[in-house]
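Every letter in the sequence shown is one number past the one before it in my numbering, and letter 268, counting from 1, is 757. Virtual Cβ for every residue (Gly too), placed ideally from N, Cα, C. Note that the structure is a prediction, hence the values are computed from the model and not measured. Report on the following structure.
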Amino acid sequence: MSTNETTAPFKGLSVQETSLLNKHWRKLWICAAFILFILLGIWNLSAPPMWWDEGWTLSVARNWVERGHYGRLQEGQPAPPGLEASFTYTAWVALSFKLFGVGIWQGRLPGVLFTAAALALLYALTKRLYSHAIAIAALAVVLLLPMHPQLHPLITGRQVLAEMPMFCYLLMGYLGLLLALQGSVWYMIGAVLWWGIALITKAQALPFWAASLIIPLAVTLVSRQWRTAVVLGLGLVGSYGCSRGLLFLIRYVLQEQTLPATAVIGLYEITAFVMTAFNRLFALKMTLIWGLPTFAGLVFTGWSWLQEVRARQHHEAASIVRLSLLMLTASWYVWFVLFSVGVPRYLFPAIFFGSIFLAALLFKLTGGFNLAMVLMQSGAAVRQLRLTRQRLGALLAILIITTTLPLTFLSVQRYYLNNSDFSASETADFLNTHAQADAVIETYESELHFLLHRRYHFPPDQAHVELNRRSLLGIETTVDYDALAADPDYLVVGEFAKGNALYKDVLQTGQFRLAQQFGVYDIYQRVR
């Protein structure tokens, strides 16, 4: 009897056949896990409360499907697009409406699918950069350790937001880069296309993506890795050019279906480059509360890359792409601490991509996810009151997991399992049935624009910048807006308008009386 036959785990199969069978089973389990995630994502998908950022995209997609107009409505008439997500995501929402009908869950469905795809790509890329074990750990980290609801892909992915599509497109690009460095440079065609789409899906990605290619490009030029430098240069220049070409193509396709957008001034000053002391301290506080595990992963990966340089292993394709992702994540992280307004949502990209490096750190600290070793080393540290590198690593791994996992469970329970609020639909239903067919409704709650079948009016986009100066920067500004300009019959004040005191002055004039309330929405009727 051969050695292979005697050591095969399954009777009658060789070791090679058993290994192949195990790989097939592993793929089946992974596919089953992602199908389960999609099912979890679509469960009760209409229930989470709708909010301001979702409403613009939903209403534009609805108008495009129902009226052939890619934009918003103002008093029932076509108006320019403005605050909705990019076309590269809004189009998917519109397609969902076309296939399944116009509704809340239909509008959120593409986000769930993009989230599942992003997680699958995160696994695939991490497996190629590290190992299967670390790839599984990266998924566990990104799903079990984020703590804050704005940092959790399951919670964020169930909303009509562009983060998950952006992650998906970026990961496709980095996977293409890895394949191009390992094999044929033709893979860069795909990478350039996906990165080009990512750059117009959310404009904020541009500087961090650029850093992720410029730094490795500089390293390869210094070390005279000419082929790698050419590939990175093609990715950098080609992707940016592709993004400009895609914008031109989108404008050409929509030219008969939309109106010119109105420029908004000062948006970056209130979100991207905020130097007020309050916001700098707030961003630092958010980082210390929610971002320390990711910081540890970044430091570990940076140190590991320096070790690769000393060992002259940094020329390998996997090392180049790891450095690229490290620069993407680290630059996003540093920007959040030093310049962002401090809203946790802006830390989400660094947390998501940083899950790769935190998983690699945990793998190192736990001796390859060896639970017995972790328990033995941590127990020895407690009993003997003496620390070694292994004991310190085991204690650090336990600290990371025990301080993040409970908070994540609380977030999932609050914002996934027990997060039903239909007050937006109830408000829209009330107005659709009680308001006259020719009534005008004044409201800045964009989610209601999506649900209403009556004419509505809202402030210009520039007002949202001034309102954010109040809510985000704490600056008392005057918003030059006449809420009676459209002669509204109803006024609806929801969470956004209340938080920014948008309609405070007009309500004090006595021209409106409270007619009904649904959750956070107050419906006022005009006194005539």
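For chain B, check one thing: does any of its Cβ atoms lie closer than 8 angstroms to the Cβ of THR604? No chain B appears in the structure shown, which is made up of a single protein chain.
ALA583 to GLU652, Cα distance in whole Å? Residue numbering aside, residue 583 sits at position 94 when the sequence shown is read from its first letter. Residue numbering aside, residue 652 sits at position 163 when the sequence shown is read from its first letter. Near 18 angstroms, if we compare the C-alpha coordinates of GLU652 and ALA583.
Beta carbon of PHE603, beta carbon of GLY544: below 8 angstroms? Residue numbering aside, residue 603 sits at position 114 when the sequence shown is read from its first letter. Residue numbering aside, residue 544 sits at position 55 when the sequence shown is read from its first letter. In this structure, PHE603 keeps its C-beta atom at 8 angstroms or more from the C-beta atom of GLY544.
Pick out whichever of VAL742, GLY786 and SER935 has its Cα sitting closest to the Cα of HIS953. Indexing the sequence shown from 1 puts residue 953 at position 464. Comparing Cα positions, the closest option is SER935.
List, from N- to C-terminal side, the beta strand (DSSP E) runs of 3 residues or more that fit wholly inside the stretch 730 to 813. Those beta strand (DSSP E) runs which fall completely within the stretch 730 to 813 and span 3+ residues do not exist here.
Beta carbon of LEU610 nearer than 8 angstroms to that of LEU664: On the sequence shown, position 121 is the one that residue 610 refers to. On the sequence shown, position 175 is the one that residue 664 refers to. Yes, these two residues count as a Cβ contact at 8 angstroms.
Assuming LEU980 contacts ALA972 under a Cβ cut-off of 8 angstroms, what Cβ separation, rounded to an integer in Å, is found between them? To locate residue 980, count along the sequence shown from 1; it is residue 491. To locate residue 972, count along the sequence shown from 1; it is residue 483. Contact between LEU980 and ALA972 holds: their C-beta atoms lie close to 7 angstroms from each other, under 8 angstroms.
Out of PRO749, ASN552, VAL929 and TRP684, state which residue places its alpha-carbon closest to the alpha-carbon of GLY590. Working through the sequence shown from its first residue, we reach residue 590 at position 101. Ranking PRO749, ASN552, VAL929 and TRP684 by Cα distance to GLY590 puts ASN552 first.
Does DSSP put GLU931 in a helix, in a strand, or in coil? For the purposes of this step, residue 931 is identified with residue 442 of the sequence shown, where counting begins at 1. GLU931 falls in the strand class under three-state DSSP.
Can you tell me whether DSSP reads HIS946 as helix, strand or coil? Numbered from 1 along the sequence shown, position 457 holds the residue referred to as residue 946. Three-state DSSP puts HIS946 in a strand.
Please tell me whether THR690 and PRO654 are closer than 8 angstroms, where the distance is taken between their beta carbons. By one-based count along the sequence shown, residue 690 stands at place 201. By one-based count along the sequence shown, residue 654 stands at place 165. A contact, by the Cβ cut-off of 8 angstroms.
Rounded to whole angstroms, what's the CA-CA distance from TRP541 to PHE985? Just pull it up for me. Taking the first residue of the sequence shown as position 1, residue 541 is located at position 52. Taking the first residue of the sequence shown as position 1, residue 985 is located at position 496. Cα to Cα, the separation comes out at about 7 angstroms.
In whole angstroms, what separates the C-alpha of LEU555 from that of GLY780? As a position in the sequence shown, residue 555 is number 66, starting the count at 1. As a position in the sequence shown, residue 780 is number 291, starting the count at 1. Note that residue 555 corresponds to Glu in the displayed sequence, not to Leu. Using only the alpha carbons, I get a separation of about 43 angstroms.
Check whether SER829 and ALA766 have beta carbons under 8 angstroms apart: Position 340 of the sequence shown holds residue 829. Position 277 of the sequence shown holds residue 766. No, Cβ-Cβ distance for SER829 and ALA766 is not below 8 angstroms.
Could you check where the beta strand (DSSP E) with TYR475 kicks off and where it finishes? Only positions 490 to 1017 of the chain appear in this structure, which leaves residue 475 out of reach.
Counted within 10 angstroms of its Cβ, other Cβ atoms place TYR619 as buried (16 or more) or exposed: Against the sequence shown, residue 619 aligns to sequence position 130. Around the Cβ of TYR619, a 10 Å sphere holds 16 or more other Cβ atoms; the residue is buried.
Between the C-alpha atoms of ALA870 and LEU881, what's the straight-line distance to the nearest angstrom? Locating residue 870 in the sequence shown gives position 381, counting from the first residue. Locating residue 881 in the sequence shown gives position 392, counting from the first residue. About 8 angstroms.
Determine whether the beta carbon atoms of SER960 and GLY988 lie at a separation below 8 angstroms. As a working note, residue 960 is residue 471 in the sequence shown. As a working note, residue 988 is residue 499 in the sequence shown. In contact: SER960 and GLY988 (Cβ atoms closer than 8 angstroms).
For PHE737, count neighbouring C-beta atoms within 10 Å of its own C-beta (all shown protein chains included) and say buried if the count is 16 or more, exposed if not. Here residue 737 refers to the residue found at position 248 when the sequence shown is read from its first residue. It counts as exposed.
In DSSP terms, what GLN1005 is bridged to: What you label residue 1005 is simply residue 516 of the sequence shown in a count that begins at 1. Note: GLN1005 sits in a beta bridge opposite ILE1012.
Does the pairing of the stretch 683 to 702 with the stretch 573 to 582 give three or more beta-carbon distances under 8 angstroms? yes
For ALA883 versus GLN866, is the C-beta distance shorter than 8 angstroms? Mapped onto the sequence shown, residue 883 falls at position 394. Mapped onto the sequence shown, residue 866 falls at position 377. Yes, they are a contact pair.
Leaving out five residues on either side along the sequence, give the residues of the same chain with a beta carbon under 7 angstroms from the beta carbon of LEU509. Counted from its first residue, the sequence shown places residue 509 at position 20. For LEU509, where only same-chain residues beyond five positions count, there are no Cβ hits under 7 angstroms.
LEU980 by DSSP, collapsed to three states: which one? The residue you call residue 980 lines up with position 491 of the sequence shown. Strand.
Taking one C-beta from the stretch 941 to 950 and one from the stretch 916 to 932 each time, how about it: are there three or more such pairs within less than 8 angstroms? yes
Could you give the C-beta distance for SER844 and PRO638, rounded to a whole number, given that I count them as a contact under 8 angstroms? As a working note, residue 844 is residue 355 in the sequence shown. As a working note, residue 638 is residue 149 in the sequence shown. So it is not a contact: roughly 16 angstroms between Cβ atoms.
Using 8 angstroms as the threshold, is the C-beta distance between PHE697 and LEU608 below it? By 1-based counting over the sequence shown, the position of residue 697 is 208. By 1-based counting over the sequence shown, the position of residue 608 is 119. Against a cut-off of 8 angstroms, the Cβ pair of LEU608 and PHE697 comes out as no contact.
For a test of the three-state rule: what should DSSP assign to PRO567, helix, strand or coil? As a working note, residue 567 is residue 78 in the sequence shown. The answer is strand: DSSP assigns PRO567 an E or B state.
Unbroken stretches of the alpha helix (DSSP H), 4 residues or longer, contained in the stretch 857 to 913: DSSP assignment within the stretch 857 to 913 yields the following whole alpha helix (DSSP H) runs of 4 residues or more, N-terminal first: 860 to 873 and 878 to 901.
Check this for me: beta carbons of VAL968 and LEU991, under 8 angstroms apart or not? Taking the sequence shown and counting its residues from 1, the one referred to as residue 968 is at position 479. Taking the sequence shown and counting its residues from 1, the one referred to as residue 991 is at position 502. Yes. Within cutoff.
By DSSP, does LEU441 sit in helix, in strand, or in coil? With the chain represented from 490 up to 1017, any question about residue 441 goes unanswered, as that position is not in the structure.
What residue does the alpha helix (DSSP H) around GLN639 start on, and which one ends it? Locating residue 639 in the sequence shown gives position 150, where the first residue counts as 1. Neither: GLN639 is in no alpha helix (DSSP H) and is coded neither H nor E.
Rounded to the nearest angstrom, how far is the Cβ of ALA626 from that of LEU770, given a contact under 8 angstroms? Position 137 of the sequence shown holds residue 626. Position 281 of the sequence shown holds residue 770. Their Cβ separation, rounded to whole angstroms, is 33 angstroms, which puts ALA626 and LEU770 out of contact at 8 angstroms.
Might you give, ordered along the chain, the residues of its own chain that have their beta carbon closer than 8 angstroms to the beta carbon of THR615, omitting 5 neighbours on each side? Position 126 of the sequence shown holds residue 615. The answer, listed in chain order, is ILE623, ALA624, ALA627, ILE845 and ALA848.
Cα-Cα separation between CYS657 and TRP684, rounded to whole angstroms: Your numbering for residue 657 matches position 168 in the sequence shown. Your numbering for residue 684 matches position 195 in the sequence shown. Straight-line Cα distance between these residues: approximately 10 angstroms.
What's the gap between the Cα of GLY530 and the Cα of ARG561? The residue labelled residue 530 in the question sits at position 41 within the sequence shown. The residue labelled residue 561 in the question sits at position 72 within the sequence shown. Distance between the alpha carbons of GLY530 and ARG561 is about 28 angstroms.
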